[in-house]
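Counting in numbering that gives the first Met the number 0, the sequence shown runs without a single skipped number right up to 441 at its last residue.
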Amino acid sequence: MAFHTLGCKLNFAETSSIARKFEDNGYSKVDFADAADVYVLNTCSVTENADKECKRLIRNVKKLAPQAIVAVIGCYAQLKANEIGQIPGVDIVLGAKEKFNLPHYINNLSKSEVAQVYSCEIGETDVFISSYSAGDRTRSFLKVQDGCDYTCSYCTIPLARGKSRSDSIDNVVAQAKEIAAQGIKEIVLTGVNIGDFGFTQTSQTEKKQETFLELITALDKVDGVERFRISSIEPNLLKDEIIDFVAQSKKFVPHFHVPLQSGSNGILKLMRRRYMRELYTERVARIKQVMPHACIGVDVIVGFPGEAETEFLETYNFINGLDISYLHVFTYSERSNTDAIAIKNVVPVHERKERNKMLRILSVKKQRDFYNQHIGSTRKVLFEAENKNGFINGFTDNYIKVQIPFSVDLINTMKDLYLQNINEAGLVSATPVKEIEVLVSK
Ligand code: SF4
Numbered sequence: 000m001a002f003h004t005l006g007c008k009l010n011f012a013e014t015s016s017i018a019r020k021f022e023d024n025g026y027s028k029v030d031f032a033d034a035a036d037v038y039v040l041n042t043c044s045v046t047e048n049a050d051k052e053c054k055r056l057i058r059n060v061k062k063l064a065p066q067a068i069v070a071v072i073g074c075y076a077q078l079k080a081n082e083i084g085q086i087p088g089v090d091i092v093l094g095a096k097e098k099f100n101l102p103h104y105i106n107n108l109s110k111s112e113v114a115q116v117y118s119c120e121i122g123e124t125d126v127f128i129s130s131y132s133a134g135d136r137t138r139s140f141l142k143v144q145d146g147c148d149y150t151c152s153y154c155t156i157p158l159a160r161g162k163s164r165s166d167s168i169d170n171v172v173a174q175a176k177e178i179a180a181q182g183i184k185e186i187v188l189t190g191v192n193i194g195d196f197g198f199t200q201t202s203q204t205e206k207k208q209e210t211f212l213e214l215i216t217a218l219d220k221v222d223g224v225e226r227f228r229i230s231s232i233e234p235n236l237l238k239d240e241i242i243d244f245v246a247q248s249k250k251f252v253p254h255f256h257v258p259l260q261s262g263s264n265g266i267l268k269l270m271r272r273r274y275m276r277e278l279y280t281e282r283v284a285r286i287k288q289v290m291p292h293a294c295i296g297v298d299v300i301v302g303f304p305g306e307a308e309t310e311f312l313e314t315y316n317f318i319n320g321l322d323i324s325y326l327h328v329f330t331y332s333e334r335s336n337t338d339a340i341a342i343k344n345v346v347p348v349h350e351r352k353e354r355n356k357m358l359r360i361l362s363v364k365k366q367r368d369f370y371n372q373h374i375g376s377t378r379k380v381l382f383e384a385e386n387k388n389g390f391i392n393g394f395t396d397n398y399i400k401v402q403i404p405f406s407v408d409l410i411n412t413m414k415d416l417y418l419q420n421i422n423e424a425g426l427v428s429a430t431p432v433k434e435i436e437v438l439v440s441k
C-alpha cells in the first residue's frame, strides 16, 4: 500500500493512523513513487490547485501501476466528492466521516470503470476519531480536536471537517503514553481549532466538559514524553492562563504559533476573525513578558479582497513592530462556497504575489533576528534521524533549527548545545556543551 498526504499536520496524523490499521491487517507500506496494489491520497481543501494536484498524482499512479486501486479521501474529497469520482483512475472516494473505515471499503472493492463515492452531509460528521503520526520516531502529531464552529469568511474547513469536537483528556493522555512507549520524544498537539478543545460532541447545547488548560495540565504529568508543542492556537483562545502555564512547565516548550491573518482591523472584520489587532499585540506582549526567549510564529494572508495598499502596509508595519520570530505567508485565493468571494475590491493576482514576497522577506529578517538573539546561549536540541549530506538537524525547545555534523549516536537524542553562529543555510551551528567544558578545562 502507498499513502500520500496533502495539507496540514492533522491530515498527516490521520493518514498515519489509517496506514497503521492496514499494517495491523497484514498490508505492508511502500513509497508513493513505488509500485503498489492500493494507493491512498489524503487530500486538503486549502492546498492551492487541489484538483490539479489530485489529477497529477493519480496520473502518475496510473502509469506506475495501472491495475492498482486508487482511493481519494479527506477534506477535498468531502467538498468535491462527485468531481473527484469522475477523475479517470479513481476507484473510491471517501469523505470526512467515511475515511476512517477505508480498510473495510478496500477489502470489499475490486477495480471497475465507475468510482464508488461515499460522502455524507458534513453535519452528520459528529464523532471524534483519534489519530497520531509515528513516522520519524522523533516527533509525533497527536490529534486532540477536529472541526471548527467559527465562520471565517474565507475558510472551507468547517465544510470539509464539520463542527468542533474533541477527544477526552483521558484518551489523549492514554495516547501520549502509547506514543512515549515507542520512544518518540516530542508530541505536537494538533487540531483545527485546538483552543476550542473540550466539546466531546458536536451539539451546541452540550456543556463544555473539559478545557484546553485542563488538557495540557494533565499531559504535563505524562512520563516518558520529553516535550509537548502546541501547534497553532487562535489569539482569542490563547488566554493568559495558558501562556502562564507553558511558562512554568518543564515539558511544554516556549513556542507558540498564533494566526494573525491581517494587521488591519478592517480586514479582520471582513474575514470575520474574532479579535482585533490590539488583542494580538497584548498576546505577544504577555508571552514575551513571561518567556522572553519564546518563539512566536504568525500566519498571515495577503491579498484578501478589500486589502488596498493602505491595509497591506498596515499589516506590514504591524508585524514589523511585533516581537515575533517567523511568518507563514498565504496568498489569498478564491474558494467556492465561501462568503469572501462576494467581497468587492478584489486584489489583482500579481499584487497578491508581490505582497507575499514582501512578507516572506520580512519573515527571513524576523527569523534571523530571533536566531541572533540566542547566539551565545545554551539550549536543549532534539535531533532528528536523517543524514543530510553529512549533517543532522534538530530543533531547540524554542524552535531554532540547529545543524551539526552527522553522527548515528545523535539520532533522536536530546543534547545541551551551545549556539555558535548562523551558517550559510540560515541554520544555527552549535557545539555540544560537554565539548566546550573539556576545552575550558584544558
Ligand atoms: S478558525 Fe476560521 S480559519 Fe480556522 S478553521 Fe475555523 S473557520 Fe477556518
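Yeah, the Cβ is synthetic: ideal placement off N, Cα and C, and Gly gets one too. From a predicted model like this one, the values you see are computed outputs, not experimental measurements.
Quiz item: Based on Cα-Cα distance, which residue from I232, G84 and N10 lies nearest to Y131?
Solution: N10
Quiz item: Which value, in whole angstroms, describes the spacing of the CA atoms of N192 and I229?
Solution: Take the alpha-carbon of N192 and the one of I229: they are about 11 Å apart.
Self-check item: Reduced DSSP secondary structure (H/G/I, E/B, other) of D415
Solution: strand
Self-check item: Alpha-carbon to alpha-carbon, I241 and I232
Solution: The alpha-carbon atoms of I232 and I241 are separated by roughly 11 Å.
Practice problem: Let me know if I360 comes out buried or exposed under the rule of 16 or more other beta-carbons within 10 Å of its beta-carbon. | Solution: exposed
Quiz item: Looking only at its own chain, which residues have a Cβ that is under 8 Å from the Cβ of V401, when we skip the five neighbours before and after it?
Solution: V380, N392, G393, F394, T395, L416, L418, L426, V427, S428 and A429
Quiz prompt | Alpha-carbon to alpha-carbon, A175 and P431 | solution = Computed Cα separation, rounded: 29 Å.
Exercise. Please determine, among C74, F211 and V224, the residue with the shortest C-alpha to C-alpha distance to D50.
Key: Of the listed residues, the one whose Cα sits closest to D50 is C74.
Quiz item: Straight-line CA distance for F255 to E185?
Solution: 15 Å
Quiz item: Does DSSP put Q85 in a helix, a strand or coil?
Solution: Assigned with DSSP and collapsed to three states, Q85 falls in coil, not helix or strand.
Quiz prompt | Collapsed DSSP secondary structure at T201 in the structure displayed | solution = With a pLDDT of only 48 at T201, under the threshold of 50, the placement of this residue in the model should not be trusted; the figure read from the coordinates follows. In the three-state scheme derived from DSSP, where H, G and I count as helix and E and B as strand, T201 is classed as coil.
Practice problem: Go ahead and pull the three-state DSSP assignment for G122. | Solution: helix
Exercise. Return yes when at least one heavy atom of the ligand SF4 lies under 7 Å from the C-beta of T150, else no.
Key: yes
Quiz item: CB C147 to CB R160, shorter than 8 Å?
Solution: yes
Quiz item: How many angstroms separate the CA atom of Y370 from the CA atom of I399?
Solution: 7 Å
Self-check item: Same chain only: Cβ atoms within 7 Å of I105, ignoring 5 sequence neighbours per side
Solution: V37, I68 and A70
Quiz item: Does the region 327–338 come close enough to the region 285–292 to have 3 or more Cβ pairs within less than 8 Å?
Solution: no
Quiz item: From which residue to which residue does the alpha helix (DSSP H) around L312 run?
Solution: Judged by DSSP secondary structure, L312 falls within the alpha helix (DSSP H) whose first and last residues are E308 to N319.
Practice problem: Pick helix, strand or coil for C7, following the three-state DSSP scheme. | Solution: coil
Quiz prompt | Any non-hydrogen atom of the ligand SF4 within 7 Å of C7 CB | solution = no
Quiz item: Can you tell me whether A180 is buried or exposed, with buried defined as 16 or more other CB within 10 angstroms of its CB?
Solution: Result: exposed.
Exercise. Go ahead and label P404 buried or exposed: buried means 16 or more other beta carbons lie within 10 angstroms of its beta carbon, across all protein chains shown.
Key: exposed
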